[in-house]
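Let me begin by presenting the structure, written as structure tokens, before commenting on it.
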Amino acid sequence: MIVSGNGFAKNDGKPTSTCFKSFFSFLITFILMFLTWIVLSGKFDPLLLWLGGISSFFVAYYFYDLLFPVMESGYGKVFFRFISYMPWLIWEIIKANFHLLYLTFHPRMKELIDPHIITFKTNLKSDIAITTLANSITLTPGTITVTADNDGVFRVHAIDRESADALPGTMLKKVAKVFGEEI
Amino acid sequence: MDILVILFLVTGLFFFLGGAIGIIRMPDFYSRLHPAGKLDTLGIFAMVTGLSIYNLHHFSFEALLLSAKMFLIVFFVFLSSPTATHSIVDAGMRAGLRHWTKKKRKG
Amino acid sequence: MDNTPALIVIAPLLAALLAGLAVWIEERLSYLIALTGLAISTFSAVKVLMQVIDSGTIQYRMAGWAPPMGIEYRIDLLNAMVLLLVASIAFLNLLASYKSVDQETNDRPGSFYTIYLLFVTGLLGVTATGDLFNLYVLIEITSLTSYAMVALGDRDRGPLASLNYVFIGVIGASFYLLGVGYLYLKTGSLNMVDVANILSGIHGSSTVLVAFILCMIGIWIKMALFPMHVWLPNAYTYSPVAFARIVAPLMTKVMVYVMIRLMITVFGFDYVFETLNLADAVVWLATIAVLAGGVMALSQKNLKKMLTYIIVCEIGYMVGGAWMGNQLGMTGAILHILNDALMTFALFLAVGNMVYRLKKVDLPDLQGLFGKMPWTMAGFVLAAFSIIGVPPTCGFFSKWYLILGAFEAGAYHFAAALIISSLICAVLFFKVFEICFFDPMSEGHGHGDSHSHVTIEEAPVSMLIVSGLVSLSLIVAGLYSGTIVNTIILPFLK
Amino acid sequence: MTDLLPLIVAKYNYWLYVILMMIGLYAMIAKNNLIKKLVGMNIFQTAIILFYVSIGYKTDATIPIIQNAHGGQGAHSAVIHAADYINPLPHVLMLTAIVVSVATFGVAMALAVRIYQRYQTLEEDELRMRLADIGLEE
Amino acid sequence: MSTFFLSVALGLLFLMLFSLYRALFGPTVLDRLIGVNAIGSKTVILLLLIGFLYERVDMFVDIALAYAFLNFVTVLAASRYFHKRKGLYEESFMD
Amino acid sequence: MHWPIDLIVLTFVIFCAIAAISVKDLLGTAILFGAYSFMMCLLWAVMGAVDVAFTEASVGAGVSTVFFVAAVFRTSRRTKD
Amino acid sequence: METIISIKPLLAVLVSLFVIPVLVSSSSKPNVRESWIFIAGIIKLILVLSMLPVILEGKQIALTLFEFAPGAAIAFRVDGLGMLFAIVASSLYIVTSIYSIGYMRGLDEHGQTRFVSFFALAISATIGAAFSANLLTLYLFYEILSLATYPLVAHHQDETSRISGRRYLTFILGTSIALVLPAMIYCYHVTGTLEFSTAGIFADQLSKPAATVLLLMFVFGFAKAGIMPFHSWLPAAMVAPTPVSALLHAVAVVKVGVFSIVRVMTGIFGVDLLANFNLGVVVMTIASFTILVASCIALSQDELKRRLAYSTISQLSYIIFGVALLSPQGLLGGVIHIVMHAFGKITLFFCAGAIYVATGKKYISQMSGLGKKMPFTFAAFFIGAMGVIGLPPAGGFYSKWNLILGTLEAQQTIFMVVLLVSSFLNAFYFLPIVYKGFFGKSEEEEDGGPVKIQEANLCLVIPLMITAVISIVLFFYPTVFVNLIKTGLGI
Amino acid sequence: MRFLGFIIVCLTGALLLYGTGEFPDWGDPDSPASTHLSNHYIEKAIEETQVPNLVTAVLADYRGFDTMFETAVVFCAGLACFLLLRDFSQKKERFYRHTPTGVILHVKDSKKTLKVGKEFEHMDKDWVPSDLIIKTVCRILIPFIQIYALYVVAHGDFSPGGGFQGGVIFGSSLILLAISYDLKTLVRRVNEKVIGIFAALGVLIYVGIGVICMSMGGNFLDYSKLAPLVPGDPHHIRALGMLGVEIGVGIAVTAAMAIIYINIVSEGRHDEGL
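Residue numbers (this note's numbering), protein chains in the order written: chain W, 743 to 925; chain A, 107 to 213; chain V, 126 to 619; chain C, 12 to 149; chain P, 975 to 1069; chain G, 6 to 86; chain R, 4 to 494; chain H, 171 to 444.
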């Protein structure tokens, strides 16, 4: 298949990565894929392992630029910070859900809720950070990201005032910290 | 162990119940998305956790991998569900669907 | 291990795929590949027919599994004959289509050949297989390719005709599938012979009855028996000529073969004609089909469409013959499969030649064609005579058996319908001949000039040769129909 | 009640497959929109699949994948009882049927798109009118 | 335990009824989409539960996974429709 | 043991089927058609036909629905019935 | 009866078939083309005649080509009856060939190659029909003949010929498919064979009503014989060029119809069966009706060819009438009338054509006085007319005499009256033409217009002289044909 | 039509219900369907083929011939969609986008062309910028989906799934790519020719294996005859053969699904898509 990085790199406005970097991202993708294969397969039959290797190679070779379009050295750090972000997020999600449950089961629900849309701007740059923030917003209290564009402008639909007021707040800080960006 | 499993499952069921009730009760499309998108996600999380714990009943390496595989579902859902929710909201916005507001504000 | 039986089906399939590859590499190559594939297939078919005549039924186990487990090919005399028919007609048509495919699918002839070959593969497989479900899959292949082909024809009407074809085709195939399901439920097997063995013990079951009805309705829809024919005329009329030339003679005929196969091999004569009391009703249905096909053909203004209604009519012949419940009728039906395929093929070859030059074949377009395309018209006339049933063309002889069978079964209405339909066909074709014979010049010279300045020539030689060959084969088949009946059909029926 | 429930359970699948099939067939015949007809067609096909899969089902049997087949060298010697496993054959047949149905569906969709390109409508009556307008009605 | 799983499954099915209501009667297409999405997420769990009922959950996880993914694709495709074609069905009746 | 699930899901399936052919918006039909396939998949799984369920999940719910949406996208959502 | 297997009948049939490609390929050179026709005709005649001695010895020549079911084969068998017909057809073919050269060139007709090709095909089919061994083969050649004549009938490709062609086909093809085919298959269904045999093929499988229906189906089905309700194609077919009318519609086509009926009555049903069921009377009634009505119509026709056509219709029924008498004398008279009428009628047609070519006149009322300008033609016309009326010294007398004897033999006096009346009618519609031709005043004399009219060219005149002469010769020497009939029918 | 349809439907329903009267109960283990052939498959399949997934064993081996044609059907569907919809004609009106500024140019003259390169790129009328969140999430998910799809293909022998399902999922991942970005991105990555070749190649692998079996002296698709060609345990040769076949199916299905989707969604123009 015809491999071309340009279709993806272009959206970031950055030049295509160099040979080494692309090899590196290929390697990481390959390892990641192979690990996934093992988790999926659960068998250590040599034939299957071989097939797994070939498959991982195949996917990594043709689609490495999907997973890591821009290879930077900080991925490891980002990964660990992301992991440490997760428990907080889950906790937030659970809180959010209980809040939502309260809303749903409330007999006079329509008086409690007050749907509206808020807009705010962040300084987040990278796609992945924006996406993480957007998805976190969506998962947490009564808010859903409507749009988030490259400039870091978010439009959020909030179901009540309380949820709306919490934004962008701590979550933005945390996400920015994870991806090492300025707020 | 079973109690834990039951607990998780019942919690998950409870979340799903919330989601279901929410879908029915909420007044408009946007607010319906809140319970549908979030409570279900958490419901899946809780239930898969419960089930994977149950799966580890007879502990073995394979069972562990299987549980990991189940968590792959959770991973997947956590990535995809908010995206799907977002996409639906976006679609609603683009479609020009007005969102429900309180009556007092309507004037 | 002798792999000839498998080769009949595999060779076109392989060729189809190679042609599909060649589309992307060297478009012209696909024609050669297709030709080779069909040549091998035809050759194998001849060989298998010889073998079967010599030494009886051939069984071929796909993947080496014993029959009830795996899929087997059971090639007996009937199979072998139809196989040869399909393969050779496909081959001849391919020979004739080189130019017309270029003309009609100027963008992608390679893909055309691929689909064409897949279609032929499907037909061959349907004929060869001894497994009920395999039959379904192969029917679907033929259907799917036909859908695509029909849609590729006329720009305006093709897709619509094709979509209607899809709906009805799917209903037909699904009914058949359901019938097989009911059979499977009762017998637990899918192999025709095995099913037949088990069925002989449970003839009275209502499930088997429903299975039989479902199978038959499914097949009838696929073969366009009268009330279920609505898809056929449009579909065949608007498909590209190169495809119409093969689908018209073969598709319905192979379905008739399937019907006969189901009746004889799977359910058995005893069940169909003794346990059930449907034969009279079906013969009446066939009678109506024959008459209705003829009457509808009378009202057509497009030559191609007229011919498609004649196909509807001919299907009535075969169904009626097969359901007569006696050896003569069945002989007639089987012989008519062969003859009708040949004569429809000859007709469509001639029409193909006309379309190649005239672009459209509404009846007024044909004026003066005897003068302009004498050889094409000669082929057309022969084929038309065969359809009418003029001796010594082959159409006469199958009609002979059919009428004899009708007399023997006391189905005088069917015999009458056959005679009437012959008359209708005569009227139809002589209407066409008249138009072709009397050119516009006779009505006034000024008229002729305004008609068109394009001088119409005879079709290309490659098309003419095939056309002539097939038309002559009508007479040859007619003269040797005694041989065919004695060496193939009668031994099969015994 | 005690008699009724087993009867319902025993035949429910078959009855419902018939109903599903009738729905599909009705949609194919009576609906005006070509895409609706396609949906009907798919429902029709699924009904058949339902029928086949229902044939294959066995109570108190597990899915047709042999358990512990690769648990060790000696596992093969374990006797396999046919009653323990659901009949795989209908599943196989239905896999094929599903594939065929999706292929047909794809082609039909392509055809629908082509028809829409040409006539700007997918309603049968309107199509008929358009055809009459351009003089193509037979 | 399997009785419990069965009752959980039945409970989920009951809840599915609510989503189904939205899917069947949702006033707009997008409401239906929400309903279907919710059905999808419940089905994933149901599949796993059935796996436990058959005691062969390893076989069902695959399906659940595929299911989750394909549900996502479907929802995405349907919602992407509105990126290109504006309006609910009022407008679409016009053209 | 699985019959209650089977029973309920089958009923749902019928609902979905009826809704899918009676909705007056083809995109709605597409979506309901997807739901229908989901249900069917569940049904196959209940009946132990894992492979069929898998196929139905991938084909009916996945590809078919996407094709459907694509076709609706390229044609029209309008329908009279 | 001794049977010899020989390929000659097949060759005789195929000769003119094989010549068709040659004709087509030499279409640009008319002379070459016509010489080929001539050669083929002669070869055919030689082949036919070479079989004559064998037949006269009482033997038969047979050849089976394709047997497609027991008792149903494509096979040839030459017996006296077939021989008789073949001789007539093939000899007249040569004469007609010469005539048609003159006629077609004289009128500068278009599509001459097509014309001669189909002519050859038609004559092939005629010979084939004559030599058929069974009903199936007979039917085959009958159909081929019908189809091959269509382009000849519609030769002019104008509106009239379109209508005539349509009518021609409707009657000929329609009746043969609708009546003969089922009747034939029914015969096969009942007996399992279609071979002609003098004893008939039905043992006692037929009841009287069935036999009646079947016989009527055959009699009406072979519509080429022009039995009355199905006669109207024949006048219509007169739009064809005169050689066609002459050979085909006086000899080949119509006689094939009659021949077929004779074959069916003698070979399929058998004289005994017909006599038992008393079916002869039925046929005779039909035939007499046709004889009288057609003669009456002929009286009222002004166009010469149409008058000849109606005359043909009535004369054909004589033959059927004769056979239906079922007595040896009647059979002899009927069958020999095939020959006599053929020579007589062809002469008449030739004359009509010659007049048309020379003067462009079609109508009898225009012909007064022409006899002086065209003495040979009108002399021949007179001889032909005598033959048809049944006056000595033309051959027609012989057959009519036998017919009358036959009626006496069969004690059907009423039908004898029919014969006599019709002979008078014949005389009424022919002799005035001759009289007017020789003694009437020509139009030019009345108008005073100096139009030069003279005898047509030699190619036209010689053939009609030949046939006229033969017509007379046959009165004196009918022996060969009588012998043939006697061996053929076993009387 | 409605009334007629109703009658036909009712008749069919009545017929089918009449047939159900003699059906064995649902789930009856002793029904003929579950005892005649299937017992052999269940009891012998693992012994004969070494494949625990009975469905795969029956699908790819006992009834492998069916499956071959099933794959051919899919291939044919892809080809049909391609033939029906693919549109090579150049559109008269074209749109270009100036990459650095994002200005959109509308060219109406069919002769005038802009050089497509760094500065300008082709664009479609209904171009809509793709959504950032969806794009990013899909970017991350797609490789996982693909490896999952390949896993499904490879594990057809042991767990549900196989070539067809895996192929469809792989195809869906490509479709997902097209949905989340746009169709052009997909077509640029995996161009049409490659998909076309792969579609045929997939089926060819299947048929080819059959033909190789034939040339090795066995029947068509008789995998056991492949043993001399493949190293390893000859007992597992049937399983290996099935694997090979499944891979072929997977390739063909992937390609066919992609072709169908691409052509339907862009009406054969391969431009913007959904």
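Built from N, CA and C at the ideal position, the CB exists for glycine as well.
Span of the alpha helix (DSSP H) holding residue i?
i, result
"V/M341", "331 to 348"
"V/A417", "404 to 423"
CB-CB under 6 Å to residue i, same chain, minus the five flanking residues each way: which ones, in chain order?
i, result
"V/V391", "M317, V320, A321"
"W/A890", "I872, A876, F896"
"H/G414", "I379"
"R/T293", "I230, M231, S320"
By Cβ distance, which residues of its chain are closer than 8 Å to residue i, with the 5 residues on each side in sequence left out?
i, result
"W/T861", "V895, F896, R897, V898"
"V/Y537", "A531"
Can you pull the chain H residues whose beta carbon is under 9 Å from the beta carbon of residue i, in chain order?
i, result
"A/D196", "D301, I303, I304"
"C/M33", "V179, C180, T182, G183, L186"
Can you tell me where the beta strand (DSSP E) with residue i in it begins and where it stops?
i, result
"V/A136", "Counting along the chain, V/A136 falls outside any beta strand (DSSP E), though it belongs to the alpha helix (DSSP H) covering 129 to 150."
"R/V27", "Element bounds for R/V27: not the beta strand (DSSP E) but the alpha helix (DSSP H), 11 to 28."
"R/M268", "No beta strand (DSSP E) contains R/M268, which DSSP labels as neither H nor E."
"R/L197", "Looking at the DSSP string, R/L197 is not in any beta strand (DSSP E), and its letter there is neither H nor E."
"H/H276", "273 to 277"
"H/E291", "290 to 293"
Run through chain R and tell me which residues come within less than 8 Å of residue i, C-beta to C-beta.
i, result
"V/G607", "F69, E70, F71, A72, A76"
For residue i, go through chain V and note every residue whose CB falls closer than 9 Å to its CB, in chain order.
i, result
"C/A123", "P284, L288"
Report the neighbours of residue i on chain C: residues whose CB is nearer than 8 Å to its CB, in chain order.
i, result
"H/Y376", "Result: empty, since nearest Cβ-Cβ is about 13 Å, beyond 8 Å."
List, in order along the chain, the chain A residues whose C-beta lies closer than 8 Å to that of residue i?
i, result
"W/M913", "What W/M913 touches in chain A: nothing, since even the nearest Cβ is about 13 Å away."
>> Give the list of continuous beta strand (DSSP E) stretches no shorter than 3 residues that lie fully inside the region 809 to 883 of chain W.
In response: 858 to 863
> Just by C-beta distance, which residues in the region 90 to 119 of chain C are closer than 7 Å to chain P?
Replying inline: none
> For the region 222 to 236 of chain H, which residues have a beta carbon sitting closer than 7 Å to at least one beta carbon of chain P?
Replying inline: none
>> Which residues of the region 1007 to 1032 of chain P have a Cβ closer than 8 Å to any Cβ of chain C? Give them in chain order.
In response: Y1028, E1029, R1030
> In chain order, what residues of the region 326 to 351 of chain H put their CB closer than 8 Å to some CB of chain P?
Replying inline: S329, P330, G331, Q335, I339, S342, I345, L346, I349, S350
>> Which runs of the alpha helix (DSSP H) at least 4 residues long sit entirely within the region 215 to 276 of chain R? Give them in chain order.
In response: 236 to 239, 256 to 266
>> In chain order, what are the residue ranges of uninterrupted alpha helix (DSSP H) at least 4 long that sit wholly in the region 999 to 1043 of chain P?
In response: 1003 to 1028
> In the region 44 to 80 of chain G, which residue ranges form an unbroken alpha helix (DSSP H) of at least 4 residues, counting only runs that do not cross its ends?
Replying inline: 55 to 61, 70 to 79
>> By the 8 Å beta-carbon criterion, what residues does the region 139 to 151 of chain R contribute toward chain V?
In response: L139, Y142, L143, E146, I147, L150
> Mind pulling the alpha helix (DSSP H) runs of 4 or more residues that sit fully within the region 192 to 280 of chain V?
Replying inline: 202 to 229, 234 to 253, 257 to 277
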